[in-house]
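Protein chains in written order, with full-length UniProt numbering: chain A, 1 to 409; chain B, 1 to 409. Glycine included, every Cβ here is placed at the ideal spot set by N, Cα and C. All of these numbers come straight from a predicted model, not from anything done at the bench. The structure under discussion appears below in the form of structure tokens.
2 protein chains.
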Amino acid sequence: MLSINGTRLMERIHALGEIGKDAEGRRTRLAASDAEKEGRDLVAGWIREADLELVVDRIGNMFGIWQTEENRLEKPLMIGSHIDTVINAGQYDGCLGVIGGIEVIKTLRDAGIRTARPVVVGAFTNEEGVRYSPDMMGSLVYAGGMAVDEALATVGTDGTVLGEELKRTGYEGTVQPGFLQPEAFVELHIEQGPIMDVENVKIGAVENLQGIHWQRVTIQGAANHAGTTPTALRADAGLAAAKVNVFLRQLVEKSGGVATVGTIRLEPNAINVIPSGAVFTVDLRNPDKAKLEADEKALAGYFNELEQSDHVKISTERLTEFDPVLFDQGIVRTIEQAAAARGLSCRRMTSGAGQDAQMLARICPTAMIFVPSIGGISHNPREYTRDEDAVAGANVFLDVVRELAGGSY
Amino acid sequence: MLSINGTRLMERIHALGEIGKDAEGRRTRLAASDAEKEGRDLVAGWIREADLELVVDRIGNMFGIWQTEENRLEKPLMIGSHIDTVINAGQYDGCLGVIGGIEVIKTLRDAGIRTARPVVVGAFTNEEGVRYSPDMMGSLVYAGGMAVDEALATVGTDGTVLGEELKRTGYEGTVQPGFLQPEAFVELHIEQGPIMDVENVKIGAVENLQGIHWQRVTIQGAANHAGTTPTALRADAGLAAAKVNVFLRQLVEKSGGVATVGTIRLEPNAINVIPSGAVFTVDLRNPDKAKLEADEKALAGYFNELEQSDHVKISTERLTEFDPVLFDQGIVRTIEQAAAARGLSCRRMTSGAGQDAQMLARICPTAMIFVPSIGGISHNPREYTRDEDAVAGANVFLDVVRELAGGSY
Chain A
1 MLSINGTRLM
11 ERIHALGEIG
21 KDAEGRRTRL
31 AASDAEKEGR
41 DLVAGWIREA
51 DLELVVDRIG
61 NMFGIWQTEE
71 NRLEKPLMIG
81 SHIDTVINAG
91 QYDGCLGVIG
101 GIEVIKTLRD
111 AGIRTARPVV
121 VGAFTNEEGV
131 RYSPDMMGSL
141 VYAGGMAVDE
151 ALATVGTDGT
161 VLGEELKRTG
171 YEGTVQPGFL
181 QPEAFVELHI
191 EQGPIMDVEN
201 VKIGAVENLQ
211 GIHWQRVTIQ
221 GAANHAGTTP
231 TALRADAGLA
241 AAKVNVFLRQ
251 LVEKSGGVAT
261 VGTIRLEPNA
271 INVIPSGAVF
281 TVDLRNPDKA
291 KLEADEKALA
301 GYFNELEQSD
311 HVKISTERLT
321 EFDPVLFDQG
331 IVRTIEQAAA
341 ARGLSCRRMT
351 SGAGQDAQML
361 ARICPTAMIF
371 VPSIGGISHN
381 PREYTRDEDA
391 VAGANVFLDV
401 VRELAGGSY
Chain B
1 MLSINGTRLM
11 ERIHALGEIG
21 KDAEGRRTRL
31 AASDAEKEGR
41 DLVAGWIREA
51 DLELVVDRIG
61 NMFGIWQTEE
71 NRLEKPLMIG
81 SHIDTVINAG
91 QYDGCLGVIG
101 GIEVIKTLRD
111 AGIRTARPVV
121 VGAFTNEEGV
131 RYSPDMMGSL
141 VYAGGMAVDE
151 ALATVGTDGT
161 VLGEELKRTG
171 YEGTVQPGFL
181 QPEAFVELHI
191 EQGPIMDVEN
201 VKIGAVENLQ
211 GIHWQRVTIQ
221 GAANHAGTTP
231 TALRADAGLA
241 AAKVNVFLRQ
251 LVEKSGGVAT
261 VGTIRLEPNA
271 INVIPSGAVF
281 TVDLRNPDKA
291 KLEADEKALA
301 GYFNELEQSD
311 HVKISTERLT
321 EFDPVLFDQG
331 IVRTIEQAAA
341 ARGLSCRRMT
351 SGAGQDAQML
361 ARICPTAMIF
371 VPSIGGISHN
381 PREYTRDEDA
391 VAGANVFLDV
401 VRELAGGSY
């Protein structure tokens with residue numbers, strides 16, 4: 001049974017992981033930064049070393065194209081992920097999918113296998129969205145969901161313009177995003193959650209991706225003395241915000257989604273003053289669009305109740321809205337079969353996080369392969385996937401790519 | 001019926017209220033600041049103008065002493081309050097009691113009344129506790145609850161030392177705090193709460209003062225991805241903090257106390273990260289010591305429950321603990337009778353806020369007279385008491401002082 005070179009895979013993950021350490025030793029490769037350029041240069045070297053054609057499109061997506069005279073008129077199978085990171089990141093998120101993709105193509109090629117269609121590995125620009133908004137920008141633009149000129153004009157949190165930074169770092173290409181129409185897309189990624197670790201499952205066949213709704217909620221009450229204001233005469237914005245948090249948990253326990261109040265700010269934020277204001281965010285997710293919308297409607301109804309019961313005013317602002325994504329059942333089954341053939345435990349998964357694959361799913365059949373994240377830790381230097389699990393995932397990836405690209409002919 | 005000069009009372013309140021406006025026009029006279037010195041100078045002038053003996057003690061408490069050859073061996077009746085303010089303060093809090101006290105003595109004196117005992121009006125140092133901690137410091141030291149040298153060595157939020165600032169501004173006296181043992185103490189003050197305004201009551205006969213317990217609560221959970229972490233595997237410190245806030249409201253609705261979570265900080269405070277930490281304050285008050293302690297015990301029990309149910313660790317730190325104070329029933333009845341004699345509606349009140357009177361209550365029979373605060377607003381430039389209500393309160397104050405100091409002889 002053909003297998004990837006696990007030692008080389010892990011060496012390359014660690015080599016890329018060394019790039020972008022800041023003064024405090026934190027691994028940070030924000031999109032189109034000097035540190036990310038250094039990472040791109042390393043990956044570009046591996047692409048060339050695998051004898052792939054390196055193409056960079058206008059939004060900076062990098063591709064390594066493996067095609068032959070015989071298959072170059074076929075629509076390619078596309079694989080890949082991203083190599084930009086959050087601040088103080090781990091080394092697996094995104095990188096496993098890009099490096100694993102190069103490894104898979106190199107393994108097939110070195111084995112003398114000739115596929116029925118081209119295989120293209122991509123590293124998409126600005127998946128994390130830390131420096132430039134929105135996240136998953138490169139794959140969004142590639143899939144036609146955002147105009148390339150609009151994306152290039154994006155001003156970052158540091159005041160820079162994405163297009164200028166891509167040019168400065170040498171990764172503004174000339175090819176139009178979307179220049180290759182994929183036959184299908186497959187992404188290998190760490191779970192970034194604890195489910196597979198807790199259940200000791202080795203392969204996740206990702207069949208869908210949660211819809212994500214973000215709102216900023218502002219509750220206005222009245223600042224009054226914490227000692228002299230009787231309970232009945234209070235309009236406590238902080239208490240109302242607390243009730244929302246408790247309500248949200250009850251809501252998603254019924255709907256099967258997840259909800260998080262990750263940020264809050266109270267005004268005036270003094271020990272002995274009843275909060276006049278509470279501003280907080282609600283991150284609401286559900287793989288089922290109807291349930292997500294029903295939860296959000298129930299939340300809006302609860303806001304109306306609170307305005308009456310707690311004498312407050314509540315306003316909301318939409319920050320992000322991604323619909324749930326259904327992946328391709330055929331590819332999901334191919335992943336399950338590949339895992340079974342290698343004797344690896346496998347379960348169907350929902351991606352809780354946003355992924356480049358959700359953008360590619362707009363233009364072609366798509367699915368993802370997950371490998372376990374120990375403790376579910378991600379976006380953190382302690383992000384960790386066991387070597388054996390990463391390698392096992394890359395081997396399933398290899399088998400799936402070989403299957404989807406068509407056997408030798 | 002003898003009455004104070006209402007026009008002069010209000011003119012003086014407004015004159016003192018003009019002092020200490022900062023660059024943004026906010027009224028701020030922090031203890032022992034240049035602005036407060038200017039206020040002290042104005043008040044000292046009124047004390048001298050009323051022919052009272054001005055005495056400043058070592059902690060900077062200012063007194064205007066009215067005694068005669070006939071009564072100087074009797075224990076004095078003490079009245080008064082404070083003239084330091086919070087940041088961006090109103091003009092009534094504290095000042096009404098000091099200026100009203102001077103006005104009462106001047107009125108009695110000008111009317112040729114000779115009391116059986118001396119009457120002393122005091123302005124106590126650092127009641128607000130904004131620049132130097134603890135609050136009510138001057139009256140606490142006066143009542144023997146804190147050593148004067150310890151108080152003088154207090155380092156402020158701005159790095160200054162209270163003793164040095166009192167010396168610099170000319171209000172470090174040489175007399176030992178507690179040099180006069182009062183027969184009784186009475187303080188006129190605005191309610192700083194909404195009850196009298198809502199109920200349209202003109203005089204509050206304050207019979208007790210809530211106990212105040214402040215804690216800082218730290219909840220430790222686990223930071224995880226808001227999308228990829230199933231509800232069952234979360235340790236959401238922010239949600240646990242929210243539950244505490246909701247629990248507290250239910251608790252005090254039964255016990256008759258009040259509870260406030262005025263401050264909170266989440267870590268890492270990111271939209272899509274489950275909070276790993278929540279640090280917040282709990283301000284818990286009750287006029288009944290047993291109920292206050294029972295509530296606090298119930299809260300501690302709830303923390304234990306939460307540690308189990310929510311997979312978090314909770315620790316608490318005591319910030320402030322003042323027992324409830326019972327005022328003197330005899331003085332309270334005297335206030336009620338004085339209000340009735342003037343045809344003013346009156347109700348017994350609990351002081352929700354801390355007051356200088358609670359410190360004096362340690363060494364002599366004490367009570368307070370409240371006048372309404374419109375909308376309950378205090379510690380705010382919109383703090384307002386109608387002229388007629390302030391004057392009515394000062395006239396009741398006059399009658400009570402005349403009664404307690406003994407009639408003419």
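Residue i, enclosing alpha helix (DSSP H) - first and last residue
i, result
"Glu100 of chain B", "Before going further, note that residue 100 of chain B is Gly rather than Glu in the sequence given. Note, Gly100 of chain B: alpha helix (DSSP H), 95-110."
"Ala357 of chain B", "356-360"
"Asp389 of chain A", "387-404"
"Arg382 of chain A", "It is not in any alpha helix (DSSP H) - Arg382 of chain A carries neither H nor E in the DSSP assignment."
"Met137 of chain B", "137-142"
"Ala15 of chain B", "6-17"
"Met196 of chain B", "195-199"
"Gly238 of chain B", "237-255"
"Glu165 of chain A", "162-168"
Sequence-distant residues of the same chain with beta carbon closer than 8 angstroms to residue i, five excluded per side
i, result
"Ala340 of chain B", "Cys346"
"Arg72 of chain A", "Pro118"
"Glu11 of chain B", "none"
"Leu9 of chain B", "Ile99, Gly100, Glu103, Ala390, Val391, Ala394"
Neighbourhood of residue i by C-beta distance below 6 angstroms, restricted to the same chain and skipping five residues each side
i, result
"Val175 of chain B", "Val55, Asp57"
"Val104 of chain B", "Phe397, Leu398, Val401"
"Glu74 of chain B", "Arg117"
"Glu36 of chain A", "Arg29, Asp84"
"Ala111 of chain B", "Leu2"
"Glu38 of chain B", "Ile19"
Residue i, enclosing beta strand (DSSP E) - first and last residue
i, result
"Asn208 of chain A", "203-209"
"Ala151 of chain B", "It is not in any beta strand (DSSP E) - Ala151 of chain B instead sits in the alpha helix (DSSP H) that spans 148-152."
"Ile190 of chain B", "184-190"
"Leu266 of chain B", "264-267"
Contact list for residue i against chain A, beta-carbon separation under 9 angstroms
i, result
"Ser81 of chain B", "Near Ser81 of chain B there are no residues of chain A at all, since even the closest Cβ is about 16 angstroms away, more than 9 angstroms."
Amino acids of chain A, ordered along the chain, whose beta-carbon sits closer than 8 angstroms to that of residue i
i, result
"His225 of chain B", "Gln192, Gly193, Gly352, Ala353, Gly376, Ser378, His379"
"Thr281 of chain B", "Ile271"
"Arg386 of chain B", "Near Arg386 of chain B there are no residues of chain A at all, since even the closest Cβ is about 18 angstroms away, more than 8 angstroms."
Neighbouring residues, chain B, relative to residue i (Cβ below 9 angstroms)
i, result
"Gly262 of chain A", "Ala226, Gly238, Leu266, Pro268, Asn269, Ala270, Ile271, Asn272, Val273, Ile274, Pro275"
"Leu233 of chain A", "Gly193, Pro194, Ile195, Val198, Gly376"
"Arg348 of chain A", "Chain B residues near Arg348 of chain A: none, gap ~14 angstroms exceeds 9 angstroms."
Beta-carbon proximity list for residue i, same chain, < 7 angstroms, skipping 5 on both sides
i, result
"Ala353 of chain A", "Gln192"
"Glu172 of chain A", "Arg58, Gly60, Gly163, Leu166"
"Tyr132 of chain B", "Ala31, Asn126, Thr154, Gly156, Leu162"
"Val252 of chain A", "Val258, Ala259, Asp295"
Whole-number beta carbon distance between residue j and residue i, since they are thought to touch under 8 angstroms
i, j, result
"residue 411 of chain A", "Arg342 of chain A", "Because chain A spans 1 through 409 in this model, residue 411 of chain A falls outside it and cannot be assessed."
"Pro76 of chain A", "Val120 of chain A", "5 angstroms"
"Ile212 of chain B", "Ala241 of chain B", "With a Cβ gap of about 21 angstroms, Ile212 of chain B and Ala241 of chain B do not count as contacting."
"Asp197 of chain A", "Gly20 of chain A", "Asp197 of chain A to Gly20 of chain A, Cβ: 26 angstroms. No contact."
"residue 415 of chain A", "Ala357 of chain A", "Because chain A is modelled from 1 through 409, residue 415 of chain A falls outside the range shown and cannot be assessed."
"Leu292 of chain A", "Leu248 of chain A", "Not quite, the Cβ-Cβ distance comes to about 13 angstroms (not below 8 angstroms), so this is no contact."
"Gly90 of chain B", "Val273 of chain A", "With 8 angstroms as the limit, Gly90 of chain B and Val273 of chain A do not qualify as a contact, their Cβ atoms being about 14 angstroms apart."
"Val391 of chain B", "Ile4 of chain B", "7 angstroms"
"Asp187 of chain A", "Ile79 of chain A", "Just to set this straight, residue 187 of chain A is Glu in the shown sequence, not Asp. At roughly 7 angstroms, the Cβ-Cβ gap stays under 8 angstroms, so Glu187 of chain A and Ile79 of chain A are in contact."
Interface residues of chain B facing residue i [CB-CB closer than 7 angstroms]
i, result
"Leu398 of chain A", "Those within 7 angstroms of Leu398 of chain A in chain B number zero; the least Cβ separation is about 25 angstroms."
"Gln176 of chain A", "Those do not exist, as Gln176 of chain A stays about 32 angstroms from chain B at its closest Cβ, beyond 7 angstroms."
"Ala253 of chain A", "It should be noted that the sequence gives Glu, not Ala, for residue 253 of chain A. Here the neighbours are Thr231."
"Gln210 of chain A", "Gly227"
Where residue i meets chain A, residues with beta-carbon distance less than 7 angstroms
i, result
"Trp214 of chain B", "Ile271"
"Arg285 of chain B", "Gly227"
"Ala242 of chain B", "Ala242, Asn245, Val246"
Residues that residue i contacts on chain B, provided the C-beta gap is smaller than 8 angstroms
i, result
"Arg26 of chain A", "Result: empty, since nearest Cβ-Cβ is about 14 angstroms, beyond 8 angstroms."
"Arg382 of chain A", "Those do not exist, as Arg382 of chain A stays about 10 angstroms from chain B at its closest Cβ, beyond 8 angstroms."
Next on the checklist: To test your reading of the DSSP string, which unbroken beta strand (DSSP E) runs of 3 or more residues are found completely within the stretch 298-354 of chain B?
Outcome noted: DSSP runs (the beta strand (DSSP E)) wholly in the stretch 298-354 of chain B: 313-322, 346-351.
Checklist entry - Which runs of the beta strand (DSSP E), 3 residues or longer, sit entirely within the stretch 43-70 of chain A? => result Listed in chain order, they are 53-56, 62-66.
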